[in-house]
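A.B. asks:
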Amino acid sequence: MTATRPDRATPTGEAREVPGLVESRGFNFWYGPKQALKEISLTIRPRSVTALIGPSGCGKSTFLRSLNRLNDIIPETRHTGSIRVGGEDIYAPRVDVVNLRQRVGMVFQRWNPFPRSIFDNVAYGPRLNGRPSRADLDAIVESALRRTALWDEVKDRLRQSALSLSGGQQQRLCIARALANRPEVLLLDEPCSALDPIATQKIEELLFQLKSELTIVIVTHNLQQAARVSDETAFFFLGEVIEHDVTARIFTSPKVGRTEDYITGRFG
Amino acid sequence: MAGAPAPAEQPAPPDDSPTLGGGSVGDRVYRTLTTAFAVAIPVLLAFITFEVVAAAWPALRRFGFGFLTSSAWDPQRELFGAAPMIYGTVVSSVLALILAAPLALGVAIFLSEFCPRWLRQPLSFLVDLLAAIPSVVYGLWGMFFLLPILREKVMPFLATTLGLARTPFFSGPAYGNSMLAAAVILAIMILPYISAVSREVLMAVPRSQREAALAMGATRWEMIRDAVVPYARTGILGGVILGLGRALGETMAVTMLIGNRHEISPSLFAPGYTLASVIANEFAEATNELHTSALMACGAVLLVVTLVVNGIARWLVWSVAREQKA
Chain A
219 MTATRPDRAT
229 PTGEAREVPG
239 LVESRGFNFW
249 YGPKQALKEI
259 SLTIRPRSVT
269 ALIGPSGCGK
279 STFLRSLNRL
289 NDIIPETRHT
299 GSIRVGGEDI
309 YAPRVDVVNL
319 RQRVGMVFQR
329 WNPFPRSIFD
339 NVAYGPRLNG
349 RPSRADLDAI
359 VESALRRTAL
369 WDEVKDRLRQ
379 SALSLSGGQQ
389 QRLCIARALA
399 NRPEVLLLDE
409 PCSALDPIAT
419 QKIEELLFQL
429 KSELTIVIVT
439 HNLQQAARVS
449 DETAFFFLGE
459 VIEHDVTARI
469 FTSPKVGRTE
479 DYITGRFG
Chain B
85 MAGAPAPAEQ
95 PAPPDDSPTL
105 GGGSVGDRVY
115 RTLTTAFAVA
125 IPVLLAFITF
135 EVVAAAWPAL
145 RRFGFGFLTS
155 SAWDPQRELF
165 GAAPMIYGTV
175 VSSVLALILA
185 APLALGVAIF
195 LSEFCPRWLR
205 QPLSFLVDLL
215 AAIPSVVYGL
225 WGMFFLLPIL
235 REKVMPFLAT
245 TLGLARTPFF
255 SGPAYGNSML
265 AAAVILAIMI
275 LPYISAVSRE
285 VLMAVPRSQR
295 EAALAMGATR
305 WEMIRDAVVP
315 YARTGILGGV
325 ILGLGRALGE
335 TMAVTMLIGN
345 RHEISPSLFA
355 PGYTLASVIA
365 NEFAEATNEL
375 HTSALMACGA
385 VLLVVTLVVN
395 GIARWLVWSV
405 AREQKA
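See below:
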């Protein structure tokens, strides 16, 4: 990693077909008349963890939800600019949103397993995409649960309701559910903000292992978490990316005064 | 106590409910009054039940269990059996539910998920308005509009075109007045209840559940099928039960359409009778005491049928809710 501003490293408009590479160019987003994102140009490296930090309401989550087009379901929104995932312009007219959301998985602040069995939660994506054989499905579910370190905890009660698990386990189950789709990008929207420290630590360890296989983008209000888990950090403020750099540099020698103010706790 | 000056200055009396405080006279009056109201309801229910059973007692003692199983109903010879009415009440209501529930769920799903915003309010209002139409108006509409259509179009279609006349359920002459007519009118009448409740519970499904499905790559329809409806199913079931309760006790429209015949026929084209209808039809003309008592017994049986059906339904809701949580 040599560039200090990785988002400037790629010339505008160049499409590189690297799986898991996320490139946003001049992306603007509006909720009705209110502009939530302003000229976001950000390159997110594949197989790394990028943290999005900043005060509440500054557009982090909006940007995250733009990456899998989940904002599409909110009425009266519009956008300009482009976002590419693995080289594909995800807002192009012919893009299959269903396919995009399988490639770009998402985990939410409040864990949201379906009120069904543990197995059925993880099997949900594969079943949506096709009709996997029983053996395939078993293998996919086991693999996803192993990757989230849940397998040993739940292997004897896969048929029990997912809601019988603890909060931290439910959140890891949601990660497993997303992983079962074999995504190239995983989005996490404050995944630990409602979890205790031990559960948080487990998820952070998980992210560290997962980043060898996929691109991870995490929105967090916990600056220590951003410093612990991420390779790069982007600081959002009032809908703009103020600074994007290698995490160590953001937290030790930020170039912009406002970034420093935020990470030292002077506002936000 | 209207003239009692500044009750707040009086020392608070020792109170048995520490959470309420209950220091002032106003509080005590209020508590006594609301407690009285709350107690009045079960007392009233017990009183009604007692009165009905007491009035029904002569008939119940005379016919015993046979009152429930006999089809004879002859006031002149003082023979009374309620089996056709029990059968008609249950069958017309269940059939109405089978017709109304899928339709109401469809309406609710459209209103909560697909309907454009500007259309949702007016359309919901119109559907809800179905519940405001008086029963007797439904009956009139049924006699002059529904019956001819059933007689001339629907029944021949079911019997001949679909060839269902070979089954016992759609055989016999198509008079119009029939179990089927009663079920159809009941279905229309309970539809707004089921759909209103379903719509509310569907709209109350948390956004997180919807997003969970969408973020996994579900289409809108898959989201509704996999995340929204399953999450809301307890509430939807509750709405269906509300509709069933309505259907069981509905009197006027059913009386005008069901044909009022003391017979049990498997054919939906045949006339039938319900417990509520027989009471409405015959109470004013009940000639002897046993006849009146038999009608009261019908009322008691209706009460029991309603309680049992509601009990089963509540158990169903409870078990589904428990299964969801476990």
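As you go down the protein sequences, you meet chains A and B in turn.
Under the working numbering, think of the first position of the first sequence as 219, with each following residue one higher.
Under the working numbering, think of the first position of the second sequence as 85, with each following residue one higher.
Note that CB positions come from ideal geometry on N, CA and C, so glycine has one too.
All values derive from a computational prediction rather than experimental measurement.
Assuming contact is defined by CB atoms lying nearer than 8 Å, are F353 (chain B) and F228 (chain B) in contact in what I supplied?
C.D. replies: In this structure, F228 (chain B) does not lie closer than 8 Å to F353 (chain B) by Cβ.
A.B. asks: Is the separation between the beta-carbon of F454 (chain A) and that of G277 (chain A) shorter than 8 Å?
C.D. replies: Their beta carbons are under 8 Å apart, which means F454 (chain A) touches G277 (chain A) by this criterion.
A.B. asks: Within the continuous alpha helix (DSSP H) that includes S155 (chain B), where are the two ends?
C.D. replies: Unbroken run through S155 (chain B): none, as it is neither H nor E.
A.B. asks: Mind reading off the beta-carbon distance from L456 (chain A) to I434 (chain A)? Whole number of angstroms is fine, and I expect it under 8 Å.
C.D. replies: Not quite, the Cβ-Cβ distance comes to about 25 Å (not below 8 Å), so this is no contact.
A.B. asks: Check each residue of the stretch 340-373 of chain A: if its Cβ is closer than 8 Å to any Cβ of chain B, include it; give the result in chain order.
C.D. replies: So the list reads Y342, G343, L346, N347, given in the order they occur along the chain.
A.B. asks: Measuring alpha carbon to alpha carbon, tell me which residue in A:A398, A:P344, A:W329, A:Q387 is nearest S487 (chain A).
C.D. replies: Outside the shown range of chain A (219 to 486) lies residue 487 (chain A), about which nothing can therefore be said.
A.B. asks: Between the C-alpha atoms of F485 (chain A) and S242 (chain A), what's the straight-line distance to the nearest angstrom?
C.D. replies: Approximately 27 Å between the Cα atoms of the pair.
A.B. asks: Compute the Euclidean distance between the alpha carbons of G231 (chain A) and E257 (chain A), then round it to the nearest angstrom.
C.D. replies: With a pLDDT of 46 at G231 (chain A), under the threshold of 50, the predicted position of this residue should be treated as unreliable, though the coordinate-derived value follows. The alpha-carbon atoms of G231 (chain A) and E257 (chain A) are separated by roughly 14 Å.
A.B. asks: For M300 (chain B), return the contacting residues in chain A, with the cut-off set at a CB-CB distance below 8 Å.
C.D. replies: The contacting residues are R319, Q320, G323, Y342, G343, L346, R395, A396, N399.
A.B. asks: Taking the CB atoms as reference points, tell me whether L497 (chain A) and L391 (chain A) lie closer together than 8 Å.
C.D. replies: There is no way to answer for residue 497 (chain A), as the model of chain A reaches only from 219 to 486.
A.B. asks: Check whether the stretch 334-346 of chain B touches the stretch 244-263 of chain B, counting contact only when three or more Cβ pairs, one atom from each stretch, lie closer than 8 Å.
C.D. replies: Yes, since at least three Cβ pairs between the stretch 334-346 of chain B and the stretch 244-263 of chain B fall closer than 8 Å, the two stretches touch.
A.B. asks: At the 8 Å Cβ level, is L441 (chain A) part of the contact set with chain B, yes or no?
C.D. replies: Not one chain B Cβ lies under 8 Å of L441 (chain A).
A.B. asks: Please return the same chain residues whose Cβ sits closer than 7 Å to the Cβ of R304 (chain B), not counting the five positions on each side in sequence.
C.D. replies: None.
A.B. asks: In angstroms with no decimal places, state the Cα-to-Cα distance between V136 (chain B) and L359 (chain B).
C.D. replies: Cα-Cα distance, rounded: 14 Å.
A.B. asks: Since T303 (chain B) meets chain A, which of its residues come closer than 7 Å, beta carbon to beta carbon?
C.D. replies: Within 7 Å Cβ-Cβ: V316.
A.B. asks: For K429 (chain A), count neighbouring C-beta atoms within 10 Å of its own C-beta (all shown protein chains included) and say buried if the count is 16 or more, exposed if not.
C.D. replies: Label assigned to K429 (chain A): buried.
A.B. asks: Counting contacts by CB-CB distance shorter than 8 Å, is L383 (chain A) in contact with chain B?
C.D. replies: No, its Cβ sits nowhere closer than 8 Å to a Cβ of chain B.
A.B. asks: By the criterion of Cβ-Cβ separation under 9 Å, what are the contact partners of F326 (chain A) in chain B?
C.D. replies: Correct list: S292, E295, A296, A299.
A.B. asks: Since N246 (chain A) meets chain B, which of its residues come closer than 7 Å, beta carbon to beta carbon?
C.D. replies: The premise fails here: N246 (chain A) is roughly 23 Å from chain B at the closest Cβ pair, so nothing lies under 7 Å.
A.B. asks: Go ahead and pull the three-state DSSP assignment for D314 (chain A).
C.D. replies: DSSP places D314 (chain A) in coil when its eight states are reduced to three.
A.B. asks: Could you check whether V325 (chain A) and I393 (chain A) sit closer than 8 Å to each other, using their CB atoms as the reference points?
C.D. replies: Yes, the Cβ-Cβ distance between I393 (chain A) and V325 (chain A) is below 8 Å.
A.B. asks: Is it the case that the Cβ atoms of G327 (chain B) and I278 (chain B) are separated by a distance below 8 Å?
C.D. replies: In this structure, I278 (chain B) lies closer than 8 Å to G327 (chain B) by Cβ.
A.B. asks: Can you pull out the residues from the stretch 283-298 of chain A whose beta carbon lies closer than 7 Å to at least one beta carbon of chain B?
C.D. replies: Listed by position, the residues of the stretch 283-298 of chain A near chain B (Cβ gap below 7 Å) are N286, L288, I291.
A.B. asks: Give me the chain A residues within the contact set of E306 (chain B), using Cβ-Cβ distance strictly less than 8 Å, ordered along the chain.
C.D. replies: Correct list: L346.
A.B. asks: Does A311 (chain B) have its Cβ less than 8 Å from a Cβ in chain A?
C.D. replies: Yes, because at least one Cβ of chain A sits closer than 8 Å to the Cβ of A311 (chain B).
A.B. asks: Taking all protein chains shown into account, do 16 or more other C-beta atoms lie within 10 angstroms of the C-beta of W157 (chain B), making it buried, or fewer, making it exposed?
C.D. replies: Result: buried.
A.B. asks: Between which two residues does the beta strand (DSSP E) harbouring K252 (chain A) extend?
C.D. replies: Unbroken beta strand (DSSP E) run through K252 (chain A): 252-262.
A.B. asks: Please determine if the stretch 273-292 of chain B and the stretch 211-220 of chain B are in contact, where contact requires at least 3 C-beta pairs separated by less than 8 Å.
C.D. replies: Because the criterion of three Cβ pairs below 8 Å is met, the stretch 273-292 of chain B and the stretch 211-220 of chain B touch.
A.B. asks: Going along the stretch 329-340 of chain A in order, which residues come within less than 7 Å of chain B, judged by CB to CB distance?
C.D. replies: Within the stretch 329-340 of chain A, the residues whose Cβ lies closer than 7 Å to some Cβ of chain B are N330, F332, P333, listed in chain order.
A.B. asks: Among residues of its own chain, excluding the 5 on either side of I358 (chain A), which ones have a beta-carbon nearer than 6 Å to its beta-carbon?
C.D. replies: Closer than 6 Å at the Cβ level, and outside the excluded window around I358 (chain A), lie P344, A398.
A.B. asks: In terms of residues, what are the limits of the alpha helix (DSSP H) holding W225 (chain B)?
C.D. replies: Element bounds for W225 (chain B): 219-225.
A.B. asks: Determine the extent of the beta strand (DSSP E) in which F245 (chain A) is found, giving its start and end residues.
C.D. replies: Taken as a continuous stretch (DSSP letters only), the beta strand (DSSP E) holding F245 (chain A) covers 240-249.
A.B. asks: Confirm, please, whether the CB-CB distance from I308 (chain B) to V401 (chain B) is below 8 Å.
C.D. replies: Not closer than 8 Å, so no.
A.B. asks: In angstroms, rounded to a whole number, what distance separates the CA positions of L248 (chain B) and L187 (chain B)?
C.D. replies: When rounded, the distance between both Cα atoms is 23 Å.
A.B. asks: Going by the DSSP bridge assignment, what does E458 (chain A) pair with across the sheet?
C.D. replies: A:F455, per the DSSP bridge assignment.
A.B. asks: Using only the alpha-carbon positions, how far apart do Q442 (chain A) and P200 (chain B) sit?
C.D. replies: Cα to Cα, Q442 (chain A) sits roughly 44 Å from P200 (chain B).
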